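I have placed the structure first, in the form of structure tokens, so that the comments after it can refer back to it.
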Amino acid sequence: MNRIKNWTKIENRNLTAAAGFQAAGVHCGLKKEKKDLALIYSEMDAAAAGVFTRNLVQAAPVKLCRSRLANPIKAIVVNSGNANACTGERGEKDAAEMAAAAAEALDIDSQQVLVCSTGVIGETMPIKKIKNGIKTAAAGLGRGLQPDAAAAEAILTTDTTIKQSACRCTIPGAEFHLAGIAKGSGMICPNMATMLAFLVTDAKIDRSLLQGLFVKAVDASFNLITVDGETSTNDTALILAGGASGIEIKEDGKLFHTFREMLNQVCSELARQIVEDGEGLTKLITLTITGAPEKSGARIMARTVLNSSLVKTAFYGEDANWGRIIAALGYAGVDFDPSRVDIFIGPYQVAADGCAVSFDEVKMKGILGKREISVLIDLKSGPVEITARGTDLSHEYININSSYRS
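For the sequence shown, this note's numbering assigns the number 1 to the initial residue and increments by one for each residue that follows.
Below you can see the structure in the form of structure tokens.
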């Protein structure tokens with residue numbers, strides 16, 4: 001029996017739909033004109049959880065966040081336009097100075113501030129501009145549509161649109177909210193979390209329980225998307241639980257499943273928005289692998305297929321070249337029986353038991369001409385099914401990334 005859904009999406013509010021949080025987004029001069037510094041402030045000490053890049057080259061802000069995650073957190077300061085990565089001791093000092101500047105502006109302990117950066121790697125931070133921006137942002141903190149959108153805009157780099165999602169628990173007498181913003185359109189690959197994402201909730205929850213739930217939510221959402229197979233030095237996903245609603249989430253409590261569903265919903269929605277805004281995207285590919293013996297292998301297969309340049313360019317060229325798909329499966333490093341594989345593009349089967357199946361080329365052109373294309377791979381070897389999302393590879397992607405620094 002299906003459980004009754006005890007939550008609903010919020011369409012007209014975002015971060016500050018969660019009680020006890022304020023937000024701001026300003027222009028501090030890292031970009032020519034657009035907003036480039038965001039500030040998220042919790043009026044109460046918040047439990048924090050996070051998931052970070054697995055890239056061995058990690059930016060200074062990532063290291064700072066890792067070291068402070070167990071602290072009660074009051075603020076997150078985020079800049080876009082400069083990654084503060086591969087900047088040595090100077091970069092670590094700059095990240096600490098960003099936290100200190102936010103702490104001073106908000107009259108809190110600097111150990112309660114997390115820092116995130118995104119942008120060009122290897123350039124030192126113009127710290128004076130950032131400090132001035134932090135002061136401006138702190139003075140402009142607020143609640144509502146405008147500050148929510150400003151913060152969501154200020155974290156973007158090559159993105160073309162803001163990414164935000166929010167939910168509300170609808171159980172009478174137990175109302176709480178969970179909301180988030182994210183950035184990412186390039187350097188996106190399912191290897192945690194390959195973007196920046198910031199979630200907040202006005203529910204109260206133990207930090208260790210929150211961390212466990214957040215890791216699983218990220219794994220089922222952000223880790224199953226890919227745009228270009230690149231993993232950033234700065235990837236960070238954070239969630240703050242401030243508790244201003246007075247509603248407490250316990251693992252054995254009646255609200256646990258509702259909270260988990262809301263967390264999964266917001267993460268999945270943000271992940272979907274990231275893929276839909278993929279750099280140079282002309283096709284959005286939804287790949288389902290079914291009949292797999294276990295999840296980890298299926299995830300590797302999905303990642304390999306969606307990251308294949310030949311598969312990507314085939315979809316860009318609207319070519320039903322299923323041979324590239326099965327070839328990518330073959331070098332994924334996961335054992336399977338090629339003679340059992342069925343492949344479908346849209347509603348049409350293109351391979352059965354590892355061999356070609358004739359299909360109507362005209363009808364297939366109609367499927368491949370659409371912006372959203374579904375692919376199903378049936379391994380016929382087990383009970384596991386996973387769904388991942390990716391994009392094609394276009395000339396525009398090359399144009400964007402060949403001139404990024406300028």
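Where a beta carbon is used, it is the ideal one built from N, C-alpha and C, also for glycine. Bear in mind the structure is a predicted one, so any value in this text is a computation, not a measurement.
Measure the alpha-carbon distance for residue i versus residue j and round it to whole angstroms.
i	j	result
Ser-165	Asn-12	10 Å
Asn-191	Gly-317	Confidence is the limiting factor: at Asn-191 the pLDDT is only 42, short of 50, which leaves the residue's position unreliable and the question unanswerable from this model.
Leu-64	Asn-234	11 Å
Gly-382	Thr-288	14 Å
Ile-300	Asp-378	15 Å
Ser-268	Val-218	8 Å
Ser-394	Ile-155	25 Å
Val-62	Arg-54	11 Å
Val-408	Pro-147	Nothing about residue 408 can be read from this structure; the chain reaches only from 1 to 406.
Arg-66	Asn-321	44 Å
Ile-398	Ile-325	23 Å
Thr-16	Asp-94	28 Å
Gln-22	Thr-201	12 Å
Thr-236	Ala-150	20 Å
Ala-96	Lys-128	13 Å
Asn-71	Ile-373	44 Å
Leu-69	Leu-368	45 Å
Glu-33	Asp-337	54 Å
Ile-409	Leu-106	Since the first residue shown for the chain is 1 and the last is 406, residue 409 is missing from the structure and cannot be characterised.
Tyr-455	Met-364	Nothing can be reported for residue 455, as the shown portion of the chain is limited to 1 through 406.
Leu-39	Leu-196	14 Å
Leu-306	Ile-345	14 Å
Ala-179	Val-362	44 Å
Leu-210	Ile-285	31 Å
According to the neighbour-count rule (16 or more other Cβ atoms, all chains shown, within 10 Å of its Cβ), is residue i buried or exposed?
i	result
Arg-371	exposed
Ser-42	buried
Arg-90	exposed
Tyr-331	exposed
Ser-339	exposed
Leu-124	Just to set this straight, residue 124 is Thr in the shown sequence, not Leu. By the neighbour-count rule (16 or more Cβ atoms within 10 Å), Thr-124 is not buried but exposed.
Leu-310	exposed
Val-350	buried
Val-275	buried
Glu-396	exposed
Ala-139	exposed
Leu-145	exposed
Ile-4	exposed
Gly-173	exposed
Can you list, in chain order, the residues of its chain with a C-beta nearer than 6 Å to that of residue i? Leave out the 5 residues immediately preceding and following it.
i	result
Ala-99	Ser-110, Val-113, Val-115
Gly-81	Leu-30, Lys-31, Asp-36, Gly-119
Asp-392	Thr-282, Lys-283, Lys-312, Phe-315, Tyr-316
Thr-304	Ala-328, Ala-332
Ala-102	Ala-75, Val-77, Val-113, Ile-134
Ala-152	Ile-162, Gln-164, Ile-181
Val-334	Gly-297, Ile-300, Met-301
Ile-10	Ala-17, Ala-166, Arg-168
Using CA coordinates, which residue listed in the options is at the minimum distance from residue i?
i	options	result
Val-357	Leu-368, Ser-308, Val-78, Ile-343	Ile-343
Ile-162	Ile-386, Gly-25, Gly-20, Phe-336	Gly-25
Asn-14	Ala-70, Ser-117, Gly-142	Gly-142
Asp-206	Ala-102, Arg-168, Ala-49	Ala-49
Thr-290	Phe-259, Gly-242, Thr-387	Thr-387
Lys-283	Ala-60, Thr-53, Asn-71, Arg-389	Arg-389
Thr-158	Ala-292, Ala-139, Gly-184	Gly-184
Val-57	Leu-39, Ala-327, Ala-85, Leu-199	Ala-85
Leu-199	Ala-75, Ile-285, Glu-361, Asp-335	Ala-75
Asp-277	Thr-226, Leu-106, Asp-202	Thr-226
Ala-292	Pro-172, Ile-108, Ile-10, Lys-380	Lys-380
Glu-175	Met-262, Glu-294, Ala-102, Gly-366	Met-262
Ile-410	Ala-46, Asp-319, Leu-368, Leu-213	Since the displayed the chain opens at 1 and closes at 406, residue 410 lies outside it and no answer follows.
Ala-87	Pro-126, Asn-71, Ile-285, Pro-72	Rather than Ala, the amino acid found at residue 87 in this sequence is Thr. Among Pro-126, Asn-71, Ile-285, Pro-72, the Cα nearest to that of Thr-87 belongs to Pro-126.
Asn-264	Gly-212, Ser-221, Ile-274	Ser-221
Ala-298	Pro-72, Met-44, Val-384	Val-384
Arg-272	Ser-308, Asn-223, Ala-352	Asn-223
Ala-18	Ser-296, Ala-244, Leu-270, Ser-308	Ala-244
His-177	Val-266, Asp-360, Ala-302, Ala-105	Val-266
Excluding the 5 residues flanking residue i on each side, which residues of the same chain have their C-beta closer than 7 Å to its C-beta?
i	result
Val-215	Val-51
Ala-83	Ala-59, Ser-117, Thr-118, Gly-119, Val-120, Ile-121, Thr-233, Asn-234
Asn-79	Leu-30, Asp-36, Leu-37, Ser-117, Ile-130
Asn-6	Cys-169, Thr-170, Ile-171, Thr-258
Arg-260	Leu-213
Ala-352	Asp-342
Quick one: what's got a C-beta closer than 8 Å to residue i's C-beta in the same chain, skipping five residues either side?
i	result
Thr-8	Cys-167, Arg-168, Thr-170
Glu-294	Gly-382, Val-384
Open item on the list: Closer than 8 Å is the cut-off here; do at least three beta carbon pairs connect the stretch 248-258 with the stretch 348-366?
Closed with: no
TODO: Would you check if the stretch 197-213 and the stretch 240-248 touch, i.e. whether three or more CB-CB distances between them fall below 8 Å?
DONE: yes
TODO: Check whether the stretch 134-154 touches the stretch 237-244, counting contact only when three or more Cβ pairs, one atom from each stretch, lie closer than 8 Å.
DONE: No, they do not touch.
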